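Just so you know, the sequence shown maps onto residues 36 to 738 in our numbering.
From the three backbone atoms N, C-alpha and C, an ideal C-beta is built for every residue, glycine too.
Since this is a predicted model, take the numbers as computed values, not measurements.
This report refers to the structure that appears directly beneath it.
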Amino acid sequence: MTSRVSYFKMTVNEMKRRSWYGAAAFLGFFCAFPLMTMLRFQSVGDIARNVQDVAERENAIIAMKQDFLSYVGGGDVVLMFLIPFIALLGAWSGLSWLHSKKKMDLMGSLPVRREKLFITESLATLLLAMIPYVCNLILALLVAGAKGIFTGRAAAISLAGLGIHLVYFMVFYFCGTLAMILTGKILTGILGTGVFLVIVPLICGVVETYASTFWKAYTSANGAFWRPLAIWMSPAGNLVKMTQTMELYWDKGSIIASFPWMTLAAAVLMAMVFAGFSFWLLKIRRAESAEKAMAFSKTEGVIKSILLYPLILGGGLFFLFLGSANGTEQKFWLWFGIVFTALLGSILIEIIYYFDKKKIFDHKLWTGISMGAAVLTAAVFVFDLLGYDHWLPKEDQVERAVICSDSLWWTYPDGSRTTEEYLETNMESIQGKAILELAREGVENLDRTEWDDSSYSSVDVYFRMKNGKIKERSYMVSDKTLRETERQLYQEQAYKQAVLPVLLLEAEDIHVEEIRRFEEYLSLDFLSTKEKTEFVKLYQEDLKALDYDEIYADNSSFMVLYDEAYHYTENYPLNENFEKSTAYLKSKGLDAVSPLDADKVRSIRLVDNRTVGETEPEIEEDVAETVEGKTMQDPELIRKALENPEDLVYTGCSYENKTDMEKLCTDLLVDITYEMENGDLISSSWAYVDGKIPQAIEEFLKK
């Protein structure tokens with residue numbers, strides 16, 4: 036006989052019984068919403084008092100309002116942790132009676148089906164959590180109104196945030212209930228919840244570590260085929276992805292065009308799967324399962340195998356890295372670690388299951404399955420059974436190709452992605468016909484143990500095959516080859532926009548405050564906001580029209596650009612080839628690209644390593660000398676040393692400026708101290724073009 040008591044009355048009674056949970060949820064959401072709003076956001080009045088410039092004040096207020104939208108719209112990190120905690124606390128406390136024999140006997144004596152108890156428990160938990168959420172959200176909106184940052188859009192977006200957090204509350208709640216139903220002890224229930232939350236990201240992370248350790252041509256982008264698993268099959272990974280996306284989605288300047296429906300749909304599907312299994316397993320769960328580690332004996336081996344697989348792989352890596360601490364990689368320790376961790380992990384899991392030394396070797400079949408899978412996985416990477424490293428496509432198999440060198444891994448101005456990500460997702464518009472030769476050199480370099488004096492760079496290569504698949508590899512190639520390949524790629528505007536993302540934004544959304552000229556920083560504060568915007572427009576026009584060599588001319592100055600949300604994009608070059616933008620600055624009284632002025636140079640310190648090991652000539656006493664070299668201080672000698680500025684290259688930004696270091700005499704170190712506009716002295720590093728060292732320098736060094 037079952038009870039006819041309504042769900043409503045049972046839910047109300049359950050809410051009364053667990054009022055402590057509602058109080059805890061209210062406290063948590065109070066700290067996360069109204070209190071955090073008071074602490075985190077300035078009022079419009081405070082901004083008006085602290086920021087004098089009208090344009091900057093307006094931008095600061097807009098940025099504050101945009102930040103508040105992300106905060107209430109599902110993009111806040113604090114709530115990313117708080118929602119799962121409150122949901123799991125509700126699951127653990129609400130179903131704790133399943134882990135007590137006395138409480139199970141009591142519940143079994145009630146004329147109420149378990150399914151009905153479960154539904155009322157879930158409804159009570161949901162209401163006890165969401166009512167405090169809504170109340171404190173309203174308080175946060177009121178605080179925002181008092182600070183002057185509340186808008187009608189914020190109210191609408193807060194409802195969207197409520198919906199998003201409601202979905203994730205259900206995901207984590209039913210994840211917790213499933214773990215509690217599968218187990219018979221509170222401790223194993225909590226541990227089981229952790230397994231459900233992180234097991235997929237853990238497996239993906241361990242497998243990716245094997246790939247990056249043993250595959251020489253592996254690039255982080257290769258994880259694309261298993262990383263989605265951490266989003267679609269892991270509550271934790273899915274929530275992190277959604278939070279990161281929503282933080283940018285509500286921003287005015289975001290280039291994210293659509294709402295992440297697929298991510299949210301995956302969360303809804305996970306909630307339904309967890310809820311369905313919870314409901315079904317609760318119906319068939321035996322009462323005597325309470326106070327046992329696992330409620331279902333048939334699941335013990337399966338869960339053990341799933342747990343052991345990443346543990347065994349991780350143990351192999353641990354011993355490999357430990358055994359390689361002396362600088363030599365010894366794969367023996369990898370296999371030792373796999374076997375050792377398999378045995379130790381198996382015993383520990385059995386101890387958790389039974390606490391019986393007679394059963395520490397139970398479930399041998401599942402242990403063997405885990406160990407076999409781990410050994411096979413390790414062998415795939417260690418011995419490159421898939422031929423990953425030396426794979427090269429045939430020219431007629433490639434539809435498009437593109438590269439991303441390590442000098443291009445910049446964050447986009449709106450903070451949404453990196454250059455690497457943009458290149459990969461926009462390959463439809465990029466041809467890259469010259470890349471196969473670069474890839475061939477990269478494959479040849481994989482097996483090199485000795486390197487010549489040439490400079491080398493890491494470069495990621497992306498191939499879009501004619502069958503629609505994307506293949507990625509990472510290689511070390513000579514800077515000469517890389518520069519030649521990039522020189523050809525820069526002829527394609529699509530590639531140029533990808534690696535110079537300032538071309539993708541409106542000039543009004545880009546800010547520049549200073550220009551780095553050698554080691555001196557030239558402020559642009561004397562320009563108004565309107566004038567800075569005009570300068571950026573002209574810079575974009577110049578940048579679009581110039582080719583590779585013109586953009587990265589020797590001795591370029593550099594700018595730091597950012598958008599209204601202060602997402603930085605560093606090291607945009609500026610030189611005499613940027614005719615419109617440099618002319619505009621000169622019309623405003625700033626010359627940011629002229630050669631080094633010899634009249635402002637106070638000394639040149641020279642360290643000549645070309646004669647290392649030879650007998651040093653006798654040095655005259657009247658020559659100023661340092662421990663590391665000689666210092667030239669005579670103004671006339673300095674003028675002679677600098678009379679051909681095109682032969683002297685600034686090396687302080689050689690990486691950013693893609694300087695051809697092979698053409699320079701880097702064995703002769705040149706350190707120049709010069710006087711800045713404010714009278715201070717500053718030093719910078721230089722090098723002469725090989726074969727172009729002035730006679731005055733050579734004669735000075737011979738003294």
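query, result
"Span of the alpha helix (DSSP H) around Lys468", "Here Lys468 belongs to no alpha helix (DSSP H), and DSSP marks it neither H nor E."
"Paired residues, beta bridge with Leu699 - DSSP", "Val724"
"Range covered by the alpha helix (DSSP H) that runs through Thr617", "614-622"
"With 16 other Cβ atoms within 10 Å as the buried cut-off, status of Gln575", "buried"
"Distance, Gly624 Cα to Val724 Cα", "32 Å"
"Straight-line Cα distance separating Ala474 from Asp111", "42 Å"
"Whole-angstrom distance between Thr568 and Asp626, CA atom to CA atom", "18 Å"
"Contact between the stretch 327-340 and the stretch 239-249 (3+ Cβ pairs under 8 Å)", "no"
"DSSP beta-bridge partners of Ser558", "Glu549"
"Beta-carbon spacing of Pro34, Ala175 below 9 Å", "This structure leaves residue 34 out entirely; the chain is present only between 36 and 738."
"Distance cut-off 8 Å: Tyr284 Cβ against heavy atoms of the ligand ATP", "The ligand ATP is not part of this structure, which contains no ligands at all."
"Three-state secondary structure (DSSP) of Ala436", "strand"
"Strand pairing of Pro608, partner residues [DSSP]", "Phe593"
"Simplified DSSP state of Cys268, which is helix, strand or coil", "The sequence shown places Met at residue 268, not Cys. Three-state DSSP puts Met268 in coil, outside helix and strand."
"Rounded straight-line distance, which links the Cα of Phe204 to that of Asn94", "35 Å"
"Contact the stretch 527-542 vs the stretch 504-513: 3+ CB pairs below 8 Å", "no"
"Proximity below 9 Å, CB of Val437 to CB of Gly467", "yes"
"Through-space distance from Pro295 to Thr280, alpha-carbon basis", "7 Å"
"9 Å Cβ cutoff met for Lys327 and Gly219", "yes"
"Sub-9 Å separation of Leu481 and Lys251 beta-carbons", "yes"
"Extent of the continuous beta strand (DSSP E) run through Phe309", "Looking at the DSSP string, Phe309 is not in any beta strand (DSSP E); the run it does join, the alpha helix (DSSP H), is 296-319."
"Sequence-distant residues of the same chain with beta carbon closer than 6 Å to Glu385, five excluded per side", "Lys394, Ile395, Asp397"
"Where Ser563 falls, given that 16 or more other Cβ within 10 Å makes a residue buried", "exposed"
"Cβ-based neighbour list, Ile382, same chain, cut-off 7 Å, excluding 5 preceding and 5 following", "Ile395"
"Sufficient close CB pairs (3 or more, under 8 Å) joining the stretch 689-704 to the stretch 537-547", "no"
"Lys737 classed as buried or exposed, judged by whether at least 16 other C-beta atoms fall within 10 angstroms", "exposed"
"Segments of 4+ residues assigned as alpha helix (DSSP H) that fall wholly inside the stretch 460-548", "470-481, 514-524, 528-534"
"Nonlocal neighbours in the same chain, by C-beta distance under 7 Å from Leu378, ignoring five residues either side", "none"
"Three-way DSSP call (helix, strand, coil) for Glu710 in this model", "strand"
"Alpha carbon of Val662 to alpha carbon of Thr484, nearest angstrom", "Only weak support exists for where Val662 lies, its pLDDT of 43 falling under 50; the value from the coordinates is given anyway. The straight-line gap from Cα to Cα measures roughly 36 Å."
"Sub-9 Å separation of Pro119 and Leu232 beta-carbons", "yes"
"Collapsed DSSP secondary structure at Leu704 in the structure displayed", "strand"
"Terminal residues of the alpha helix (DSSP H) in which Tyr574 lies", "564-580"
"For Leu174, the first and last residue of its enclosing alpha helix (DSSP H)", "149-182"
"At least 3 beta-carbon pairs within less than 8 Å: the stretch 71-85 vs the stretch 117-137", "no"
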